[in-house]
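Shown next, in structure tokens, is the structure this report addresses.
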Amino acid sequence: MINSLRGMNDILSDDYERFTYFISAATKIAQRYGFHFIETPLLEETALFKRSVGESSDIVGKEMYQFIDKGENDVCLRPEGTAGVVRAFIQKKLDRAGGIHRFFYHGAMFRYERPQKGRLRQFHQFGVESFGVDSVYEDASMIMMVSDILKELGIGYRLQLNSLGCNDCMPNYREELVAFVRKCEGGICEDCVRRVDTNPIRVLDCKNGSCQELYIGAPKLINHLCSDCGNDFNTLKKILEDNNIEYEVNTNLVRGLDYYSKTAFEFVSDNIGSQNAIAGGGRYDRLVEFLDGRATPAVGFAMGIERLMELIVMPEVKKDGYYIGALDDEAIDMIVKIAHNKRKTDVVAIDYKTKNLKNHLKAADKVNAKYCAVIGSNEIASGTIWVKNLKDKTEKTVTLEEF
RNA sequence: GUGGGAUUAGCUCAGUUGGUUAGAGCAUUGGUUUGUGGUGCCGAGGGUCACGGGUUCGAGCCCCGCAUCCCACCCCA
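The letter at position 95 of the first sequence is residue 124 when you use this note's numbering, and the numbering goes up by one with no holes.
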């Protein structure tokens with residue numbers, strides 16, 4: 030027997046119901062915010078991710094499905110969605126066109142990681158990207174959109190907020206932090222030693238207790254923001270407060286992808302295990318230029334659909350459509366024909382075998398039909414069909430034309 | 001990539017110190033004396049005990065390997 034590859038799931042039955050329910054709810058809300066759908070390829074040139082996500086990140090450094098195709102191109106399955114959207118944005122010359130462009134997307138992403146709960150090798154994200162708006166109000170609007178989507182789905186969350194600073198303030202801070210951590214060397218764990226070189230801000234997030242003690246006096250980025258970044262961060266907090274969105278400032282919050290600057294946020298859930306980030310995003314004003322486009326401010330977020338599916342509170346399934354059954358063999362051909370006609374407008378389940386009325390009613394319940402319609406010898410003789418409303422339990426006999 | 005746990009029917013799980021024919025609930029399916037259900041009653045089907053080796057007279061149970069899932073690290077959505 031051939032099984033699916035490790036970390037790659039089939040989505041069907043109840044899972045599929047949840048999956049599509051999420052997509053339709055998120056799509057509806059993204060459209061209310063003025064976003065339009067974009068579909069980009071699953072396969073892209075590897076260089077796209079090396080330049081955008083960054084080679085120092087784990088995602089690009091060790092988790093990509095990368096290979097050389099038959100045309101000798103170095104390609105990989107996309108590990109995230111933003112890079113492809115930005116590439117499309119530039120390729121279609123929308124950066125030159127100017128103005129505001131807002132997109133949403135959803136689809137499969139691929140990362141070669143060790144699977145665990147909430148972490149798959151092929152997983153699905155829903156994301157949005159907004160180009161051309163440098164106002165922090167757009168950042169706030171992203172957060173409001175995530176909040177609206179989660180609310181629509183009945184999902185509780187905690188919102189964590191941080192500012193990563195910009196080109197003016199971040200590099201100085203980074204140097205200061207690296208200098209501080211280097212003084213602690215000897216006392217810190219192996220991971221932190223490595224992080225100093227790869228992604229120094231991550232040391233602040235270390236789960237090792239003894240490292241944390243050493244970092245108590247570490248410089249905080251939030252205190253080193255330039256006036257622009259500081260003002261924007263304060264404005265953002267005020268907008269969220271005005272709109273009744275609770276947040277906590279987490280000065281250790283870092284996005285794992287290199288392209289983020291200024292606003293960074295993450296929505297976490299306490300109910301799905303250690304892989305608890307259900308949505309994350311932020312501003313990436315430098316990325317378009319970095320990928321050879323004309324400098325364009327941008328902000329976006331992505332949500333992990335599989336992680337959210339566990340948390341979605343599904344609406345109650347309503348009884349719908351018809352079940353049509355035959356009490357006598359002679360009626361079978363009749364119900365097939367009736368069902369064929371009825372299916373022009375309604376969901377219709379039929380049984381090809383005769384049953385007694387009791388079993389037909391049972392079967393109608395099983396498929397969650399609203400009406401159970403049955404034809405037996407009485408109905409054949411009079412050219413009628415017996416119909417029972419399974420919800421209010423009323424029943425009537427109508428002519429076939431009326432049905 | 002590192003460490004730990006699990007794997008028995010479609011699903012959730014029992015299975016005694018290694019001993020005849022591996023069980024339950026739910027689900028499926030049939031019937032329930034002549035046309036009223038979702039919640040009665042009776043029956044039936046369904047298992048190479050994940051896979052591959054080993055120990056033993058004998059393995060679902062013990063040992064080794066392997067795969068997958070789960071948990072933590074790591075990373076992130």
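Built from N, CA and C at the ideal position, the CB exists for glycine as well.
Looking at the ligand SAH, does it come within less than 7 Å of residue i, judged from the CB to the closest heavy atom?
i, result
"L419", "The ligand SAH is not part of this structure, which contains no ligands at all."
Taking the Cβ atom as the reference point for each residue, do residue i and residue j lie within a distance shorter than 8 Å?
i, j, result
"F139", "P108", "yes"
"S290", "L206", "no"
"F294", "I172", "yes"
"V416", "K422", "no"
"I379", "A368", "yes"
"V297", "Q189", "yes"
"V210", "F330", "no"
"Q120", "C105", "no"
"R47", "M343", "yes"
"G36", "L149", "yes"
"Y352", "A392", "yes"
Would you kindly work out how many angstroms separate the C-alpha atoms of residue i and residue j, rounded to a whole number?
i, j, result
"L265", "D168", "8 Å"
"N300", "F152", "19 Å"
"V278", "N191", "6 Å"
"R116", "N388", "59 Å"
"N397", "R80", "52 Å"
"H135", "A59", "12 Å"
"K99", "A247", "51 Å"
"D124", "V328", "14 Å"
"S86", "D287", "7 Å"
"I97", "G83", "20 Å"
"V175", "K122", "28 Å"
"L419", "L390", "9 Å"
"I88", "K371", "52 Å"
"S256", "D321", "28 Å"
"K267", "V165", "11 Å"
"E430", "I404", "14 Å"
"D375", "S53", "21 Å"
"S159", "C195", "18 Å"
"C221", "R187", "27 Å"
"I251", "Y202", "10 Å"
"A410", "V427", "13 Å"
"V225", "V232", "7 Å"
I'd like the span of the alpha helix (DSSP H) that includes residue i, first residue to last.
i, result
"Q241", "G238 to L243"
"E335", "I334 to M338"
"I52", "S42 to R61"
"F294", "Looking at the DSSP string, F294 is not in any alpha helix (DSSP H); the run it does join, the beta strand (DSSP E), is S290 to V297."
"E219", "E219 to T227"
"V114", "T111 to Q120"
"V232", "Element bounds for V232: n/a, residue is neither H nor E."
"V365", "I361 to K371"
"K387", "L386 to K395"
"I341", "Run containing I341: none; DSSP gives neither H nor E here."
"V317", "L316 to F319"
"K180", "V165 to E181"
"L123", "L123 to A126"
Under DSSP, the beta strand (DSSP E) around residue i begins and ends at which residues?
i, result
"N191", "R187 to S192"
"N418", "T413 to N418"
"L72", "L72 to E74"
"D103", "D103 to L106"
"I307", "A306 to R312"
"A247", "Where A247 is concerned, there is no enclosing beta strand (DSSP E), given that its DSSP letter is neither H nor E."
"E275", "Element bounds for E275: n/a, residue is neither H nor E."
Thinking C-alpha only, which one of the options is nearest residue i?
i, options, result
"F118", "K417, V416 and L316", "L316"
"D163", "A324, T383, I404 and D362", "A324"
"Y62", "R131, K366 and E84", "R131"
"N281", "I230, T69 and P344", "I230"
"S406", "L356, D375 and I364", "L356"
"E318", "R35, L77 and C255", "L77"
"A55", "R47, P144 and I178", "I178"
"I364", "Y381, C198 and I184", "Y381"
"I217", "M343, I251, K236 and Y352", "K236"
"D103", "G90, E74 and T413", "E74"
"S303", "S239, K180, R336 and I274", "R336"
Looking at the strands, I want to know which residues DSSP matches up with residue i.
i, result
"Y134", "G156"
"R211", "Answer is none; R211 lacks a bridge partner."
"F330", "V157 and G310"
"Q95", "C105"
"R148", "Q145"
"I404", "A355"
"I379", "I353"
"E424", "K417"
"H65", "F132"
"F139", "Q151"
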